[in-house]
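Enquirer:
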Amino acid sequence: MATWKKAIKKRENGEDVEMQLPEIVSASRSTDIPAFYADWFFHRLKKGYSAWTNPFNGVRGYVSYENTRFIIFWSKNPRPLLEHLHELKELNIGCYIQYTLNDYENERLELGVPPLDERIETFKLLVKQLGIGHVIWRFDPLILTDKININLLLKKIEYIGNKLFGYTEKLVFSFADIASYKKVKLNLEKNGINYIEWNDASMNEFAKQLSELNKKWNYQLATCGERIDIQQYGIEHNHCVDDNLMIRFAHEDKVLMDFLKVDIIKMQPVLFDMPEIPEDAIKINDSTYAIKRKNNSDKGQRAFCGCMISKDIGEYSTCPHLCEYCYANTNKP
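The working numbering puts the first residue of the sequence shown at 21, with every later residue one more than the last.
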């Protein structure tokens, strides 16, 4: 788990409190800040701090944005971000969006999200503002039920994948692991959803067919937090909070690169030819590459999570989407 710098800062009421000062903020794995709390978040960003409750011990703390250089947003409906993105530019804060764009409309598993085609349009609008690569498509989680089989999931993915062609580089997915989340299991059973657990055989079959489908798009395919190795189908383990993306989008931010322990190397031509880029380097453009001198993985995340260090500022049981399979709300009506 990342240990952030701390300092005594003054709240608006004049009280002096200890605050964490993260360089990288996750907003948020615990609730949908872009969909429901965007105005609040950008107001707090301007004020310089926000309160946060530790989900493990219930202790209230504070997060200062004084040192923040990059934000990763997570959302099923990030449309409210559109009117705020210019504020990040003014603050010289980089970002990208993990956009969960599923299709469970007919199965009524996500009653709180807008219609699918509206969400696809939101994706495109965000890309037009931020640029290709800044909005990452997630179909997450993949759920099997008595009404949803592998072929139907692939048809749903194909429809969205066709619509997003030219707007995304990547598809991230995970297999719903109901048994590992007792409250999710209880909520599904309570609402009469007859789920089917994935196993190695069904995960491999899905991966094989998705790989075939992807031949027409050539998206990067990656799993989120999965133990299974399906690299034989061209599917990698994802790093959802990804320092490689931060390097790609914010390599000119020396403060962030110093924090990540990244060296940016600008090559000089030799006899009109550029030197070869080292094998372990991250290519930025034809004349610039990056070398990481540190493993930035967040050891405090769940097993098989590939995320880099970040400070998540969300709170559980505050997301009004109320998706049937949600792990972040303790109880669902």
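The beta-carbon is built from N, C-alpha and C at its ideal position, and this holds for glycine as well.
Only a predicted model underlies this, so the values are computations on that prediction, with no experimental measurement involved.
If you count every other CB in all the chains shown that lies within 10 Å of the CB of T23, and 16 or more means buried, which is it?
Expert: Flag for T23 reads exposed.
Enquirer: Beta-carbon within less than 8 Å of T120's beta-carbon, same chain only, minus the 5 sequence neighbours each way: which residues are those?
Expert: Answer for T120: W94, S95, K96, R158, F159 and D160, listed in chain order.
Enquirer: I'd like the span of the beta strand (DSSP E) that includes R80, first residue to last.
Expert: Start and end: R80 to S84.
Enquirer: Can you name the start and end residues of the beta strand (DSSP E) that W413 belongs to?
Expert: The chain is shown from 21 up to 353; residue 413 falls before or after that span and cannot be answered.
Enquirer: Please identify the residue among N112, V290, L173 and K281 whose C-alpha is closest to the C-alpha of K312.
Expert: The shortest Cα separation from K312 among N112, V290, L173 and K281 belongs to K281.
Enquirer: Which term fits S48, buried or exposed, when burial requires 16 or more other beta carbons within 10 angstroms of its beta carbon?
Expert: So S48 ends up on the buried side.
Enquirer: Give the secondary structure of G181 by DSSP, where H, G and I count as helix, E and B as strand, and everything else as coil.
Expert: If DSSP states are grouped into helix, strand and coil, G181 belongs with the helices.
Enquirer: Cβ of G212 within 7 Å of any heavy atom in the ligand ATP?
Expert: As far as ligands go, the structure on display features none, and thus does not contain the ligand ATP.
Enquirer: Check the DSSP bridge columns for N305 and list the partner residues they point to.
Expert: DSSP, once it has assigned bridges, lists T308 as partnering N305.
Enquirer: Just the Cα atoms here: how many angstroms apart are T142 and F292?
Expert: Going by the C-alpha atoms only, they are around 44 Å apart.
Enquirer: Is there contact between the segment 144-153 and the segment 226-239, where contact requires at least three CB pairs shorter than 8 Å?
Expert: Because the criterion of three Cβ pairs below 8 Å is not met, the segment 144-153 and the segment 226-239 do not touch.
Enquirer: First and last residue of the beta strand (DSSP E) that includes M328?
Expert: No beta strand (DSSP E) holds M328; DSSP gives it neither H nor E.
Enquirer: Out of N171, F185, K205 and M294, state which residue places its alpha-carbon closest to the alpha-carbon of F226.
Expert: Of the candidates N171, F185, K205 and M294, the one whose C-alpha sits nearest the C-alpha of F226 is N171.
Enquirer: Could you give the first and the last residue of the continuous beta strand (DSSP E) run that contains R99?
Expert: Unbroken run through R99: none, as it is neither H nor E.
Enquirer: Looking only at its own chain, which residues have a Cβ that is under 7 Å from the Cβ of S139, when we skip the five neighbours before and after it?
Expert: The sequence given here has Arg at residue 139, not Ser. Only N97, L121 and V133 meet the Cβ criterion.
Enquirer: Taking a contact to mean a Cβ-Cβ separation below 8 Å, would you say A248 touches H271 in this structure?
Expert: Just to set this straight, residue 248 is Ile in the shown sequence, not Ala. Cβ atoms of I248 and H271: not closer than 8 Å.
Enquirer: What residue does the alpha helix (DSSP H) around V204 start on, and which one ends it?
Expert: K202 to K210 is the span of the alpha helix (DSSP H), which, as asked, contains V204.
Enquirer: With a 10 Å radius around its C-beta and 16 neighbouring C-beta atoms as the bar for buried, classify I180 as buried or exposed.
Expert: I180 should be labelled buried.
Enquirer: Rounding to the nearest angstrom, what Cα-Cα distance links K210 and I177 in this structure?
Expert: The straight-line gap from Cα to Cα measures roughly 28 Å.
Enquirer: Any chance the segment 334-353 sits against the segment 121-131, with 3 or more Cβ pairs inside 8 Å?
Expert: They touch, by the three-pair rule.
Enquirer: So M39 is in the alpha helix (DSSP H); what residue range does that whole segment cover?
Expert: Element bounds for M39: not the alpha helix (DSSP H) but the beta strand (DSSP E), D36 to Q40.
Enquirer: Go to I28, then tell me how far its alpha helix (DSSP H) extends in each direction, as first and last residue.
Expert: Per DSSP, I28 belongs to no alpha helix (DSSP H); it is in the beta strand (DSSP E), K26 to K30.
Enquirer: Measuring CA to CA, which of D278, F279 and E296 is closest to K286?
Expert: Nearest of D278, F279 and E296 to K286, Cα basis: E296.
Enquirer: Cα separation between P298 and F269?
Expert: P298 and F269: Cα-Cα distance of roughly 20 Å.
Enquirer: Tell me R158's beta-bridge partners as DSSP assigns them.
Expert: Paired residue(s): T120 and V192.
Enquirer: For a quick check, are the C-beta atoms of V155 and I117 less than 8 Å apart?
Expert: Yes; because the gap between Cβ atoms is below 8 Å, this pair is in contact.
Enquirer: What is the DSSP secondary structure of A71, counted as helix, strand or coil?
Expert: Strand at A71.
Enquirer: Does the segment 255-263 come close enough to the segment 63-77 to have 3 or more Cβ pairs within less than 8 Å?
Expert: No contact exists between the segment 255-263 and the segment 63-77.
Enquirer: Compare the C-alpha of L41 against each of F76, K30 and E86 and name the closest.
Expert: It is E86.
Enquirer: Looking only at C-alpha atoms, which of K25, S50, P135 and I113 sits nearest to Y82?
Expert: Of the listed residues, the one whose Cα sits closest to Y82 is K25.
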